[in-house]
Amino acid sequence: MIRLCALAQSDQVPRRVRGRASALGDTVHQNIAASAAAVAVALLTCCLPARANDTTAALTTGGLEFRTNADIEMLSEDLSISRERIDVRYRFLNRSGADQHVTVAFPMPEIDFSDASNIDVPNNDSDNFLNFRTKVDGREVTAQLEQKALVDKTDVTARLKALGVPLQPRAKATQTVLEALPAQTQQQLLKDEIIRPDDYDAGKGMEHHLAPSWRLRATYYWDQTFPAGSELVVEHSYTPSVGGSVQTGITGQYTTAEQRKNYVHKFCTEPSFVTAVAAMTRKNGNQPPPEQRVSYVLTTGANWAKPIGDFHLTIDKGKPSSLVSLCETGVVKTGPTRFEVRKTNFKPSRDLDILIIDAPQ
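Residues 46 to 406, numbered by the working numbering, are exactly what the sequence shown covers, in order.
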């Protein structure tokens, strides 16, 4: 696997040779193991526990999902990832002599409030909480929304709808409706663990509230016709859910050896990357810098009868001084903050997780 760490001064990141890490000062370091990992792109779940209240988990996202169709080939996928936006452009070809009618779905990442997790949701008060948009051949598509509220394996969607409770657990309206329900109804929902007490002191004394405990599973979908013998361009964009910690745990000041191994497994961090972060820490009065994490599920691209013809990935780390680490092959630096990957006949075998360390200002 390649390990991309920090910033690159060279155009092509050097390959790993016989297990020895490549290092380019405070710039990009990248290693290639014997078996190259396929790209996977998705905005990520928190993999490393940190001190209470200083870690935000991200929601894992990905691309559009299609039922596998032997007549439809994905000619290309152009994927762009930053902490502010994800854009994907697919080019499909229906090789058959008949129109193909396919249901296309974009599964939103599942929101789980059963443990009161601190989760980054870009748009709390909207059912479309990732600001998802899609176009087909340049025209906006109006997708249908399916929502399910789950407690463990029990579907409580109908029960909540009957009470007039919005299903989006992060929306302000949801808490407002819950707290306006009759006391007997509230007690039954508490007993069934559909809601939970949410008590806190915001500086004016202890407040007692109610909060959702259900998981929201939501999917946007639409029916798409792929014309016989023709190409079709499908584009979609959304705001990623970005996980983060006030202080990174990669240097080991506040993390266990096992947690540091998780960094290596998930982000392919290597000693030279850790050394660069340690230097940042020393310059910051021995306070570790913050980290952010973005992931994307790419492995759904392996569901086609053929590999993706042309795959193009662009990653923008935002600031020239930032460090970035991920597991990927063939990464080329094409700008002060931009890195690109190009592959042909590509069949993803793993998802992409990106770790970004910002230099303290």
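Using N, Cα and C, we set each Cβ at its ideal position, and we do this for glycine too.
Touching by the beta-carbon criterion (3+ pairs, under 8 Å), the segment 312-321 and the segment 189-197:
no
Cut-off 7 Å between Cβ atoms - residues of its own chain near T296, not counting five sequence neighbours on either side
Counting from one through the sequence shown, the residue named residue 296 turns up at place 251. Apart from the 5 residues on each side of it in sequence, T296 sits with its Cβ closer than 7 Å to the Cβ of V319, V322, A323, T326, P333 in its chain, given in chain order.
For V210 and V339, what's the separation of their Cα atoms in angstroms?
Residue 210 sits at position 165 when you count from the first residue of the sequence shown. Residue 339 sits at position 294 when you count from the first residue of the sequence shown. Looking at the two C-alpha atoms, the distance is approximately 31 Å.
Which class does Y265 belong to by DSSP, given the choice of helix, strand or coil?
On the sequence shown, position 220 is the one that residue 265 refers to. In the structure shown, Y265 sits in a strand (DSSP, three-state: E or B).
Which class does P316 belong to by DSSP, given the choice of helix, strand or coil?
Taking the first residue of the sequence shown as position 1, residue 316 is located at position 271. Here P316 sits in helix by DSSP.
Under a three-way DSSP split, which group does N408 fall into?
As shown, the chain starts at 46 and ends at 406. That puts residue 408 outside it, with no answer to give.
Roughly how many whole angstroms lie between the Cα atoms of V377 and F177?
Here residue 377 refers to the residue found at position 332 when the sequence shown is read from its first residue. Here residue 177 refers to the residue found at position 132 when the sequence shown is read from its first residue. One C-alpha to the other measures close to 29 Å.
In three-state DSSP terms, what is E385?
On the sequence shown, position 340 is the one that residue 385 refers to. Residue state, collapsed to three classes: strand.
Nearest candidate by alpha-carbon position, reference Q220, set E185, T199, A256:
As a position in the sequence shown, residue 220 is number 175, starting the count at 1. Considering only alpha carbons, the answer is A256.
Roughly how many whole angstroms lie between the Cα atoms of Q231 and R241?
Taking the first residue of the sequence shown as position 1, residue 231 is located at position 186. Taking the first residue of the sequence shown as position 1, residue 241 is located at position 196. Straight-line Cα distance between these residues: approximately 10 Å.
Could you pull the DSSP bridge partners for Y245 from this structure?
For the purposes of this step, residue 245 is taken as the residue at position 200 of the sequence shown. According to DSSP, Y245 bridges with E252.
Looking at D355 and S125, is the spacing between their C-beta atoms short of 8 Å?
What you label residue 125 is simply residue 80 of the sequence shown in a count that begins at 1. What you label residue 355 is simply residue 310 of the sequence shown in a count that begins at 1. Not closer than 8 Å, so no.
Comparing alpha-carbon positions, which option in S275, H254, N331, I353 lies nearest Q145?
If you number the sequence shown from 1, residue 145 lands on position 100. Out of S275, H254, N331, I353, S275 has the C-alpha closest to the C-alpha of Q145.
Please identify the residue among E373, A150, I401 whose C-alpha is closest to the C-alpha of K388.
One-based indexing of the sequence shown puts residue 388 at position 343. Nearest C-alpha to K388: E373.
Thinking C-alpha only, which one of P335, L277, D116 is nearest Y299?
One-based indexing of the sequence shown puts residue 299 at position 254. If you compare the alpha carbons of P335, L277, D116 with that of Y299, the shortest gap goes to P335.
CB R134 to CB E252, shorter than 8 Å?
Start at 1 with the first residue of the sequence shown, and residue 134 comes out as number 89. Start at 1 with the first residue of the sequence shown, and residue 252 comes out as number 207. No, the Cβ-Cβ distance between R134 and E252 is not below 8 Å.
Name the one or two DSSP bridge partners that F137 has.
Taking the sequence shown and counting its residues from 1, one reaches residue 137 at position 92. According to DSSP, F137 bridges with M119, L277.
Taking Q292 as the reference, which of L368, R140, Q337, L190 has the closest Cα?
Reading the sequence shown from its first residue, position 247 is the one you call residue 292. Nearest C-alpha to Q292: Q337.
So what's L397 in DSSP terms, helix, strand or just coil?
Along the sequence shown, one-based indexing puts residue 397 at 352. The three-state secondary structure of L397, taken from DSSP, is strand.
Specify the secondary structure class of Q229 as computed by DSSP and reduced to three states.
Position 184 of the sequence shown holds residue 229. Residue state, collapsed to three classes: helix.
Beta bridge counterpart(s) of F151 as assigned by DSSP:
As a working mapping, residue 151 is identified with position 106 in the sequence shown. Y265.
Rounded separation between L223 and R130 - CA only
Walking along the sequence shown from the start, residue 223 turns up at place 178. Walking along the sequence shown from the start, residue 130 turns up at place 85. Spanning the two alpha carbons is a distance of roughly 33 Å.
Which stretch, first to last residue, makes up the alpha helix (DSSP H) that contains A194?
Against the sequence shown, residue 194 aligns to sequence position 149. Counting along the chain, A194 falls outside any alpha helix (DSSP H), though it belongs to the beta strand (DSSP E) covering 189-196.
C-beta atoms of I360 and F391 nearer than 8 Å
For the purposes of this step, residue 360 is identified with residue 315 of the sequence shown, where counting begins at 1. For the purposes of this step, residue 391 is identified with residue 346 of the sequence shown, where counting begins at 1. No, these two residues do not count as a Cβ contact at 8 Å.
Where K236 falls, given that 16 or more other Cβ within 10 Å makes a residue buried:
Position 191 of the sequence shown, counting from 1, holds the residue named residue 236. The residue in question, K236, is exposed, as its Cβ has fewer than 16 Cβ neighbours within 10 Å.
What residues in its chain sit with their C-beta under 6 Å from that of N168, if we drop five residues either side in the sequence?
For this step, residue 168 is matched to residue 123 along the sequence shown. Once the five neighbours on either side are set aside, the close Cβ partners of N168 are F174, N176.
Reduced DSSP category for K217 - H, G, I as helix; E, B as strand; rest coil
The residue you call residue 217 lines up with position 172 of the sequence shown. If DSSP states are grouped into helix, strand and coil, K217 belongs with the helices.
Reduced DSSP category for I77 - H, G, I as helix; E, B as strand; rest coil
Walking along the sequence shown from the start, residue 77 turns up at place 32. Caution is warranted here: a pLDDT of 27 is assigned to I77, below 50, making its placement in the model unreliable, and no coordinate value can be reported.
Under 7 Å Cβ to Cβ from V404, same chain only, skipping five residues before and after it: list those, please.
One-based indexing of the sequence shown puts residue 404 at position 359. It is worth fixing the name first, because residue 404 is Ala in this sequence and not Val. Excluding positions up to five away in sequence, the list reads M325, P334, S366, S367.
Within 10 angstroms of its Cβ, does Y283 collect 16 or more other Cβ (buried), or is it exposed?
Against the sequence shown, residue 283 aligns to sequence position 238. The residue is buried, with at least 16 neighbouring Cβ atoms inside 10 Å.
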